[in-house]
Amino acid sequence: MFWDQFVHFGSYFLQLMSPTNLGLQVLGTALGIIIGTLPGLNATLGIALLTPVTFAVPTQNAIALLMALYIGVMFGGSISAILINIPGTGSAVATLFDGYPLAKKGLAANAIMISRWTSAVGTFYGLLAFLLLAPLLGMIAVNFASPEYFWLGIMGVFVCGSFSSPEMPVRGWIGGLIGMLIAFVGIEDIQAVPRFTFGRPELFSGVELISAMMGFFGIPAIISALSTRQEVYAENLGKQDIPIWRYLRKENYHIFRWSMIGVWIGALPGVGENVAAFLAYADAKKHHPDGPKFGTGVYAGVAAPETANNSAIGGAVLPMLTLGVPGSPPAAVLMGALMLHGLRPGPLLPTERPEIIPQIGATILVGTILTVIVGAILTKPMVKILKIRQEILMAIVAVLVVIGSYSMKTSIFDVQVMLLFGVIGYCCDKLGYNAAPIVIGIILGSLVDFNLRRTLIINAGSIVGFFNRPLSVALICLILLSAAGPVLKKIRKPKVEL
Amino acid sequence: METDRKAWYMCHILFSIALIMVSIYIIIDSLKMSIPLIEKGQATILDMPGLSPMICSLLLIILSLVVIVSAWRSGGTLKHLASPEVRKALIGREAIVVYKVFALLLLYVYLLWPFLPYWASTFLFMVVFMLSFRVFSWKTILISISTALLLMVIFGNLFGINLPK
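Keeping their order, the protein sequence lines are chains A and B. This note's numbering numbers the first residue of the first sequence as 443 and each following residue consecutively. This note's numbering numbers the first residue of the second sequence as 293 and each following residue consecutively.
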């Protein structure tokens, strides 16, 4: 099993070395770094914006382009975090705690180089975890039946809700339920009855996911960028003089540790790279010899979050492909893009399309290498790009968001959906409802609905069918464990705050 | 600061009330779509199309009530509807940006697209967008033209999408 995978992996890696594939991955990496560097844009929006563009290319090229962008964004966010004290993406918030102080000391070039290399190493460890665990998870998932799919969907929404709003998980769960209700729009699977379509044929196949995501993330990003008028002053890069190989060798144990944190957190449904980065930073502060100096400008304070947010990619893609449960919002939109290309992420994917997992593994490896090379080339131009006025950038983003949602089905209705979700996304953003549970709810809602009803039918209405299988019990225990944390925290903390 | 927080709790109460109203509508609609099928024998309670939406809506009502109670206990009440913070949220700087962005997008899609070729409507939209946020120079004209033409070539020619006219 592993040998076959290794052979496929090697074969696809060589295919990716063709000029077309390599060119697309370079383009994807470059776009990802640019999107990641620009504050307000993120991997989720980047993947959503690029998805319509991938319709013109074969599936293999589309995967290469989107994965390269995903990896590039995670590194790109650190550039603005280090240079201008504003994170380019949510996953780079922890990077600025030590990144910007390093830049003020004239060590920005070193900090960015460490970010670039630890991002690459983290992605590589994430890739190893992905390749090793995917077949094993696939073997377990083949035994899944309707009850397990149901609990998997519930777990995805529940865990994501709990982690995304730790101070008040109820808000996260509300977000998940809103997402699920949105997923129920359209013709349902068992009796083919239209639900909540208001007689609009455009809604029979449900809400167009990519258009909705463009509105949900793109419009609030535009508004936020235009509302905060800030003078952007980018610190000088300084000289790049740290011996990087010596540094990586010296920190090898810690980098591996932060990578495993990233993989584990990335694999949790809907949690994602942002949380992974914070947890790795917190772990480094506690366990690294330079921990007491964190916040004053130490390289480990940059290396930890950047390693974890990139290794989380392998973790997030793992359940997305093998179980059909995305590990992060970017993975959720990536899943939507793969479905548009005719792939069905989930337990049947390794059987139906055995080449996909090694193929994605190969693209991650190439993306890792390109992050180092393209990242080194683009660092200086990024300093200039950061000085472009937000009004100009957001005008371009606005146009992309509109034409992107229109091009999904060449339909004005999808643009209307995009605008509506823009309003919803803005309201959720202002009220502090995290977007991740809503996105996960939209992805998993149909899975939960179909398997709930199917299980009840198979068991003639008895709910025992949900509880009498070992895998179901295991999933229920995981759900209860994820609920226990926030509940215990609330019991210890007497005051309830929103 | 204290009134800021109370106004914020009030927003949560309003949002939760809206969610409850939507949930009630969903429950009613779910029953409306399911009962005829059950009466005809084409579905049972176990597999009726409205089952999952009803369950989700019921859970949403319960959780929204939790949020309302929590917000009320933290000091949020509907009397803060008239507070200066709410007025600021509706007519302040960020609110103006929100109205501008949506107005410009609606103008672009509903007034420019139907009457102008794509490249022209995109160019005009970008110029007006940047002007409305007080950015205008020969550079912005150049960027607007380049973006419009590039998108037309990429989406229209390269990907063969019928661009809006």
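The beta carbon of each residue, even a glycine, is placed where N, CA and C say it ideally should be. Quick caveat: nothing in here was measured; it's all calculated off a predicted structure.
query                                                                                                                                                                         : result
Which whole runs of the alpha helix (DSSP H) in the stretch 671-729 of chain A are 4 residues long or more, in chain order?                                                   : 686-692, 694-709 and 715-729
Hey, Ser588 (chain A) and Ile900 (chain A): beta-carbon distance below 8 Å or not?                                                                                            : yes
Give me whichever residues DSSP pairs with Pro636 (chain A) in a beta bridge.                                                                                                 : A:Ile629
Closest to Tyr723 (chain A) by C-alpha separation, out of A:Phe863, A:Leu765, A:Glu630 and A:Leu538, would be which residue?                                                  : A:Leu538
Rounded to whole angstroms, what's the CA-CA distance from Met762 (chain A) to Tyr868 (chain A)? Just pull it up for me.                                                      : 27 Å
Does any C-beta atom of chain B lie closer than 8 Å to the C-beta of Met459 (chain A)?                                                                                        : no
Determine, using beta carbons only, whether Phe632 (chain A) comes closer than 8 Å to chain B.                                                                                : Phe is not the amino acid found at residue 632 (chain A); the sequence shown has Ile there. Taking Cβ atoms only, chain B reaches closer than 8 Å to Ile632 (chain A), which makes this a yes.
Please state the DSSP three-state secondary structure of Gly903 (chain A).                                                                                                    : coil
Consider the Cβ of Phe447 (chain B): report whether some Cβ of chain A lies at a distance smaller than 8 Å.                                                                   : yes
Hey, how far is the Cα of Leu940 (chain A) from the Cα of Ala363 (chain B)?                                                                                                   : Summary for Leu940 (chain A): the model assigns pLDDT 44, below 50, so the residue's position carries little reliability; its value from the coordinates is reported in the next sentence. Leu940 (chain A) and Ala363 (chain B): Cα-Cα distance of roughly 7 Å.
Between the C-alpha atoms of Ala550 (chain A) and Arg613 (chain A), what's the straight-line distance to the nearest angstrom?                                                : 38 Å
Chain B partners of Phe638 (chain A), CB-CB under 8 Å?                                                                                                                        : Ile318, Asp321 and Pro345
Straight-line CA distance for Leu679 (chain A) to Pro879 (chain A)?                                                                                                           : 38 Å
Counting C-beta neighbours from all protein chains within 10 Å, is the total for Ala877 (chain A) 16 or more, i.e. buried, or is it exposed?                                  : buried
Three or more C-beta pairs under 8 Å: does that hold for the stretch 599-610 of chain A against the stretch 773-793 of chain A?                                               : no
The alpha helix (DSSP H) spanning Leu418 (chain B) covers which residue range?                                                                                                : Reading off the sequence shown, one finds Met at residue 418 (chain B), where the question assumed Leu. Counting along the chain, the alpha helix (DSSP H) containing Met418 (chain B) begins and ends at Tyr410 to Ser424.
Would DSSP call Met340 (chain B) helix, strand or coil?                                                                                                                       : coil
In chain order, what residues of the same chain have a beta carbon less than 7 Å from the beta carbon of Gly342 (chain B), not counting five sequence neighbours either side? : Ser322, Leu323, Met325 and Ser326
Which first and last residues belong to the alpha helix (DSSP H) in which Ile590 (chain A) is found?                                                                          : Here residue 590 (chain A) is Glu; the residue named in the question, Ile, does not match the sequence. Looking at the DSSP string, the run of the alpha helix (DSSP H) that includes Glu590 (chain A) is Ser588 to Ser606.
Which class does Gly737 (chain A) belong to by DSSP, given the choice of helix, strand or coil?                                                                               : coil
For a test of the three-state rule: what should DSSP assign to His783 (chain A), helix, strand or coil?                                                                       : coil
In the DSSP assignment, find the alpha helix (DSSP H) that holds Met656 (chain A) and state where it starts and stops.                                                        : No alpha helix (DSSP H) holds Met656 (chain A); DSSP gives it neither H nor E.
Please report the straight-line C-alpha distance between Leu710 (chain A) and Tyr542 (chain A), rounded to a whole angstrom.                                                  : 30 Å
Using a Cβ cut-off of 8 Å (strictly closer), state whether Met597 (chain A) contacts chain B.                                                                                 : no
Decide if Lys937 (chain A) is buried, meaning its Cβ has at least 16 other Cβ atoms within 10 Å, or exposed.                                                                  : A caution first: Lys937 (chain A) carries a pLDDT of 47, below 50, which makes its placement in the model unreliable, though a value can still be read off. With fewer than 16 other Cβ atoms within 10 Å, it is exposed.
Please report the residue range of the alpha helix (DSSP H) in which Asp856 (chain A) lies.                                                                                   : Ile854 to Leu873
Mind checking which residues open and close the alpha helix (DSSP H) that includes Arg558 (chain A)?                                                                          : Ala550 to Ala583
Name the two residues that bound the continuous alpha helix (DSSP H) containing Asp540 (chain A).                                                                             : Val535 to Lys546
Going by C-alpha distance, which of A:Tyr454, A:Leu508, A:His450 and A:Ser453 is nearest Leu469 (chain A)?                                                                    : A:Leu508
Hey, Gly518 (chain A) and Ile477 (chain A): beta-carbon distance below 8 Å or not?                                                                                            : yes
Counting only beta-carbon atoms, is Met313 (chain B) nearer than 8 Å to chain A?                                                                                              : no
Please name the residue, chosen from B:Ser436, B:Leu352, B:Phe415 and B:Glu331, that lies closest to Met313 (chain B) on a Cα-to-Cα basis.                                    : B:Leu352
Looking at Ser349 (chain B) and Ser315 (chain B), is the spacing between their C-beta atoms short of 8 Å?                                                                     : yes
Comparing alpha-carbon positions, which option in A:Gln682, A:Asp856, A:His696 and A:Ala654 lies nearest Val775 (chain A)?                                                    : A:Ala654
On a CA-only basis, which of A:Thr462, A:Trp445, A:Met597 and A:Thr471 is nearest Val816 (chain A)? Give me that one, please.                                                 : A:Thr471
Less than 7 Å between C-beta atoms, sequence neighbours within five positions excluded: which residues of the same chain meet that for Ala941 (chain A)?                      : This structure gives no information on residue 941 (chain A), because the portion of chain A shown stretches from 443 to 940.
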